[in-house]
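Report on one structure; see the data block that follows.
Structural data, given as structure tokens:
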């Protein structure tokens, strides 16, 4: 061992170290960049007044922040004018006590001609309804039902806004941050006087 | 004789409402379809789901990033390797990790073997639903050989939990690649066996041709992905559009159908199995030596931000949308985009005006797994 340390080869190697392959180096986390110069972002800003609040690029993904009041107009602009025919995903995030609105509703859209994807992110206050985009993309139907079921966000103009994964009369919206992870007593359908529908998880604590 | 409009009642009879499932074996789990019938013709079908809802997305929010991986196994329990892969690819995007090439190749081999296993289950159940019992015994024989390979690699047969954020946990056992290679070389002969039983079978053709037709435009509008979309003639595969791991170094074709029906979707999946064999063969040839794990920190801490990454699961585009807070060790929100969930949404459209027996064929051709739909 001691011979190896003293060998003249070792210091020579240290002087000209070969670049490490990326998997042996420390990971390089992605950073947020301003992306307001993106072609689709400028097109949106030019077409609809006040539609673009911010544009951000993170890990190669473009996120456009848009106002929730104009969401259907913005979505049909992207589908009809810009060719985003495929709604990949629609979901929501609960930020609890955030100032600009408790929820984020997130649309993830795709254009086939150049395989470009854009995320539309819109802040939505609690108890505030948002326009449904089912008239724009039919596939939004079940996705919006799921968001309604899990977060209690009301989509106005949805053809059939019912719970989808839990049952009608289930008490609360499971993916809200104030819903307990261990679950609640699900007797809502059997004991409606103890567990009133739409009462939220707090109502369960009283009854339990 | 004038043609009868299938959506108008033929006789003046009362509409009958039937609940199909959730305990019916042909519904592949706990799917319930509420159907309104005129005689044997379906006037309206309404899928009702949620019987297997376990709140996986809520559970993700309470767990450290690596601890989420076993839970992804239990979503689409027929293809757990691709579920693991999807989550790991998304996490690596969030953390900025690059995985070593050997790990990527091992992942691809496992994922393609899993695709074969999943398509074999699909073929067996789809054929049994339609009335052909024999293919089941043949396909499950080969599926077992694949599960044996999995068992040798990671000890599990179904819920594999076989990938980690930054690579794979185990080195391949000695001689595993040879055994995998032997299986792959023998497999195309087995596909021919299945095809002799079905492809030119008159009953099979009668039950599948022209059933559950959905044109390409409509399929995109409904958000369909995977074989149901390719059966409608759209050349769409996440492995080509947004290559992950090392799929950009591999040559393979995307099979597509023409007639948008159940038979074409069957042909697409059969061809996909051949392509998977081709991919695995190239992977075994090209697999380099080297480490199998990237140098990831012991405790994974993310930067504030959100990422979406998707993989081509045997059912379609399986996406993971992960939201992280600054220095968070758990996902703040982890949304799974389940391909079966989105594909199933097209069911009412596919079976309108068809017979009850066709409903069974269409459920089979969509290749749904309720564990993934309900999460």
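Chains as they are written, first to last, in the working numbering: chain A, 1374 to 1581; chain B, 53 to 427. From the three backbone atoms N, C-alpha and C, an ideal C-beta is built for every residue, glycine too. From a predicted model like this one, the values you see are computed outputs, not experimental measurements.
Neighbourhood of residue i by C-beta distance below 6 Å, restricted to the same chain and skipping five residues each side
i              : result
residue 256/B  : 250
residue 167/B  : 328 and 366
residue 156/B  : 297 and 298
residue 400/B  : 97
residue 1520/A : 1465 and 1526
residue 1461/A : 1481 and 1483
Residue i at chain A interface by Cβ criterion, 8 Å
i             : result
residue 112/B : no
residue 293/B : yes
residue 75/B  : no
residue 406/B : no
residue 394/B : yes
residue 300/B : no
residue 109/B : yes
residue 359/B : yes
residue 387/B : yes
residue 355/B : yes
residue 297/B : no
residue 426/B : yes
Through-space distance from residue j to residue i, alpha-carbon basis
i              : j              : result
residue 1391/A : residue 82/B   : 57 Å
residue 154/B  : residue 135/B  : 20 Å
residue 287/B  : residue 1553/A : 44 Å
residue 352/B  : residue 1467/A : 23 Å
residue 1440/A : residue 369/B  : 29 Å
residue 1495/A : residue 1470/A : 16 Å
residue 303/B  : residue 317/B  : 22 Å
residue 188/B  : residue 194/B  : 10 Å
residue 383/B  : residue 1546/A : 19 Å
residue 158/B  : residue 232/B  : 12 Å
residue 416/B  : residue 139/B  : 27 Å
residue 70/B   : residue 403/B  : 15 Å
residue 198/B  : residue 1429/A : 44 Å
residue 282/B  : residue 1434/A : 26 Å
residue 1574/A : residue 111/B  : With a pLDDT of 45 at residue 1574/A, under the threshold of 50, the modelled position of that residue is not reliable, and the figure given next carries that caveat. Spanning the two alpha carbons is a distance of roughly 17 Å.
residue 227/B  : residue 175/B  : 30 Å
residue 350/B  : residue 1523/A : 33 Å
residue 161/B  : residue 340/B  : 13 Å
residue 1396/A : residue 266/B  : 44 Å
Chain-order list of residues whose beta-carbon lies under 7 Å from that of residue i (same chain, five-residue window excluded)
i              : result
residue 1449/A : 1509
residue 1535/A : 1518 and 1541
residue 305/B  : 327
residue 1456/A : 1484 and 1486
residue 262/B  : 313
residue 1377/A : The predicted model places residue 1377/A with a pLDDT of 48, which falls under 50 and marks its position as unreliable, so this point remains unresolved.
residue 105/B  : 426 and 427
residue 116/B  : 381 and 382
residue 1421/A : 1443, 1446, 1447 and 1450
residue 396/B  : 99, 418, 420 and 425
residue 222/B  : 205 and 206
Min CB distance residue i to chain B below 8 Å
i              : result
residue 1391/A : no
residue 1503/A : no
residue 1548/A : yes
residue 1487/A : no
residue 1398/A : yes
residue 1432/A : yes
residue 1506/A : no
residue 1491/A : no
residue 1554/A : yes
residue 1638/A : No answer is possible for residue 1638/A: it lies beyond the span of chain A, which begins at 1374 and ends at 1581.
residue 1466/A : yes
residue 1383/A : Annotation note: pLDDT 48 at residue 1383/A (below 50); position unreliable, coordinate value reported separately. Chain B, which has no Cβ nearer than 8 Å to the Cβ of residue 1383/A, makes this no.
Sequence-distant residues of the same chain with beta carbon closer than 8 Å to residue i, five excluded per side
i             : result
residue 185/B : 179
residue 211/B : 122, 125, 126, 129 and 132
Nearest-angstrom Cβ-Cβ length linking residue i and residue j, presumed shorter than 8 Å
i              : j             : result
residue 346/B  : residue 218/B : 4 Å
residue 264/B  : residue 391/B : Not quite, the Cβ-Cβ distance comes to about 17 Å (not below 8 Å), so this is no contact.
residue 398/B  : residue 181/B : At roughly 18 Å, the Cβ-Cβ gap does not stay under 8 Å, so residue 398/B and residue 181/B are not in contact.
residue 1402/A : residue 355/B : 5 Å
residue 343/B  : residue 323/B : Residue 343/B to residue 323/B, Cβ: 35 Å. No contact.
Near-chain A residues of the region 254 to 285 of chain B - C-beta to any C-beta below 9 Å: 269, 270, 272, 273, 274, 275, 276 and 277
Interface positions of the region 172 to 191 of chain B facing chain A (Cβ-Cβ less than 7 Å), listed along the chain: none
Where the region 363 to 383 of chain B meets chain A: residues whose CB sits under 8 Å from a CB there: 369, 371, 373 and 375
Within 8 Å of chain B by C-beta, residues of the region 1438 to 1463 of chain A in sequence order: 1458, 1459, 1460, 1461 and 1462
Chain B contacts from the region 1513 to 1538 of chain A (Cβ-Cβ distance under 7 Å): 1514, 1515, 1537 and 1538
Interface residues of the region 146 to 163 of chain B facing chain A [CB-CB below 9 Å]: 146, 147, 148, 149, 150, 151, 152, 153 and 155
Proximal residues, the region 87 to 105 of chain B versus chain A, C-beta separation under 7 Å: 101, 102 and 105
Residues from the region 129 to 140 of chain B in contact with chain A, defined by Cβ distance under 8 Å: none
Residues within the region 326 to 347 of chain B neighbouring chain A, beta-carbon criterion of under 9 Å: 342, 343, 345, 346 and 347
Contacting positions in the region 1394 to 1423 of chain A - beta carbon closer than 9 Å to chain B: 1394, 1395, 1396, 1397, 1398, 1399, 1400, 1401, 1402, 1403, 1404 and 1405
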